[in-house]
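Trainee:
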Amino acid sequence: MVQQSNTPCALVTGAGQGIGRGIALALAGAGYDIVANDIVADPNNKAKGVYEVADRVEELGRRCLPVQGDVSSMDDHRRVIESAVRAFGGIDVLVNNAGVAPKVRMDMLEMTAESYDRLMNINLRGPFFLTQAVANQMIRQAGRSQKPVVVFISSISATVSSTGRAEYCLSKAGVSMAARLFADRLAKHDITVFEIRPGIIATDMTSVVKEKYDKLIHEQGLLPQARWGTPEDIGRAVVALAQGCFAYSTGQVIEVGGGFGIPRL
Ligand code: NAD
Numbered sequence: 632m633v634q635q636s637n638t639p640c641a642l643v644t645g646a647g648q649g650i651g652r653g654i655a656l657a658l659a660g661a662g663y664d665i666v667a668n669d670i671v672a673d674p675n676n677k678a679k680g681v682y683e684v685a686d687r688v689e690e691l692g693r694r695c696l697p698v699q700g701d702v703s704s705m706d707d708h709r710r711v712i713e714s715a716v717r718a719f720g721g722i723d724v725l726v727n728n729a730g731v732a733p734k735v736r737m738d739m740l741e742m743t744a745e746s747y748d749r750l751m752n753i754n755l756r757g758p759f760f761l762t763q764a765v766a767n768q769m770i771r772q773a774g775r776s777q778k779p780v781v782v783f784i785s786s787i788s789a790t791v792s793s794t795g796r797a798e799y800c801l802s803k804a805g806v807s808m809a810a811r812l813f814a815d816r817l818a819k820h821d822i823t824v825f826e827i828r829p830g831i832i833a834t835d836m837t838s839v840v841k842e843k844y845d846k847l848i849h850e851q852g853l854l855p856q857a858r859w860g861t862p863e864d865i866g867r868a869v870v871a872l873a874q875g876c877f878a879y880s881t882g883q884v885i886e887v888g889g890g891f892g893i894p895r896l
């Protein structure tokens, strides 16, 4: 049965850890009920993953629905959306966060078609079609308490070349255009769409290259703001977008990267 509520609902993909977890908790702290999607969702694991996030969300006084689903599967999209609508009556905010790095960093002259397809499916094709389905749900919903917002989490790799993970860069460049396309198409439905471009954020994804980035940040002056970014940094930016602070700026890119993108001499 559909629960009637004035509390807005946010669907966050890849919410079990890292940046997605930071976004889910920041949105819960700002008053959103959360649909916490991840490819892994084990109710017996309350130490890490979406069920841990659900406990934290509930401590913040909001409701949380953990939903297992693979963002690269269209069948899973339908199931995740149906579960969200059944639990909370609709989806007000979609955060396309789930994403993967290549299993092995390989020079682009050696990179395999399998790795290319895997990254494109999870990082680009999945979020594109999930957004298509959620946007249609947002258009169908009426009388919700807030105007719908979609956020794509891309990366500075959308524009910066890393020849050892070309497939990641290509997928994130595609995410950037997906955000722009949906912003254009959905404006007439009063749905705003944004791209957040994280810099170097401390999560499991970057733990394998920690030493390299420690040196770049703390010894070689890579960033004007000389520290690692945190999931909380990204979460705060998403909250500002979700709450309508940038309601007349659809299609904009927000870099959350300690000034990485400032051209410097
Ligand atoms: P992470 O690996 O710590 O977390 C990713 C989460 O997504 C995990 O919980 C994982 O289970 C989930 N996931 C993976 N594949 C999935 C799928 N097919 N369906 C549903 N969930 C899936 O990574 P993170 O660092 O938190 O990255 C989150 C997003 O931010 C990614 O899109 C990543 O590309 C992007 N990003 C990260 C950084 C960084 O420095 N960490 C920088 C720029 C962009």
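Residues in the sequence shown are numbered consecutively from 632, following this note's numbering. Don't be surprised by glycine CBs; every beta carbon is placed ideally from N, CA and C.
CA-CA distance, E830 and V839?
Mentor: According to the sequence displayed, residue 830 carries Gly and not Glu. About 16 Å.
Trainee: Closer than 7 Å by C-beta to M742: which residues in its own chain qualify, once you throw out the five before and the five after it? Chain order, please.
Mentor: A797 and E798.
Trainee: Would G715 pass as a contact of L656 if the rule is Cβ separation under 8 Å?
Mentor: The sequence shown places Ala at residue 715, rather than the Gly named in the question. Contact flag unset, no.
Trainee: Starting from the Cα of E713, find the closest Cα among A672, M769, V684 and D748 and give me that residue.
Mentor: Nearest C-alpha to E713: M769.
Trainee: For A641, write down the residues that DSSP places opposite it in a beta bridge.
Mentor: I665 and V724, per the DSSP bridge assignment.
Trainee: From V887 to I827, what does the alpha carbon distance come to, in whole angstroms?
Mentor: The alpha-carbon atoms of V887 and I827 are separated by roughly 7 Å.
Trainee: Closer than 7 Å: is that where the CB of G866 sits relative to any heavy atom of the ligand GTP?
Mentor: Questions concerning the ligand GTP fall outside what the structure shown contains, since the ligands it does hold are the ligand NAD.
Trainee: Compute the Euclidean distance between the alpha carbons of D707 and G700, then round it to the nearest angstrom.
Mentor: Spanning the two alpha carbons is a distance of roughly 5 Å.
Trainee: Please tell me whether, using a cut-off of 7 Å, the distance from the CB of V731 to the nearest non-hydrogen atom of the ligand NAD is below it.
Mentor: V731 Cβ: within cutoff of the ligand NAD.
Trainee: According to DSSP, is L696 helix, strand or coil?
Mentor: Three-state result, L696: strand.
Trainee: Could you give the first and the last residue of the continuous beta strand (DSSP E) run that contains V806?
Mentor: Careful: V806 lies outside any beta strand (DSSP E), inside the alpha helix (DSSP H) at A797 to L817.
Trainee: Given this structure, state the Cα-to-Cα distance separating K803 from N754, to the nearest angstrom.
Mentor: One C-alpha to the other measures close to 7 Å.
Trainee: Confirm, please, whether the CB-CB distance from A646 to V681 is below 8 Å.
Mentor: Yes. Within cutoff.
Trainee: Is any heavy atom in the ligand NAD found nearer than 7 Å to the beta carbon of M836?
Mentor: Checking the Cβ of M836 against the ligand NAD gives yes.
Trainee: Can the beta-carbon of L740 be found less than 8 Å from the beta-carbon of V870?
Mentor: No, the pair does not count as a contact, with Cβ atoms beyond the cut-off.
Trainee: Using 8 Å as the threshold, is the C-beta distance between N727 and T644 below it?
Mentor: Closer than 8 Å, so yes.
Trainee: Going by C-alpha to C-alpha distance, which of A678, Y747, I832 and I654 sits closest to G805?
Mentor: Cα-wise, what sits closest to G805 is Y747.
Trainee: Count the other CB atoms, across all protein chains shown, that sit within 10 Å of the CB of S786; report buried if there are 16 or more and exposed otherwise.
Mentor: So S786 ends up on the buried side.
Trainee: Tell me whether Q856 is buried or exposed, calling it buried when 16 or more other Cβ atoms sit within 10 Å of its Cβ.
Mentor: It counts as exposed.
Trainee: Examine the Cβ distances between the segment 804-822 and the segment 839-851 and report whether three or more of them are shorter than 8 Å.
Mentor: The segment 804-822 vs the segment 839-851: no contact.
Trainee: At a cut-off of 7 Å, would you count T861 as near the ligand NAD, judging by its Cβ distance to the nearest heavy atom?
Mentor: T861 Cβ: outside cutoff for every heavy atom of the ligand NAD.
Trainee: Going by DSSP in three states, G649 sits in which element: helix, strand or coil?
Mentor: If DSSP states are grouped into helix, strand and coil, G649 belongs with the helices.
Trainee: Kindly give me the distance between the Cβ atoms of T823 and T881, rounded to whole angstroms, as I take these residues to be in contact under 8 Å.
Mentor: 4 Å between Cβ atoms; contact.
Trainee: So, with DSSP's three-state summary, where would you put F783?
Mentor: In this structure, F783 counts as strand in the three-state DSSP scheme.
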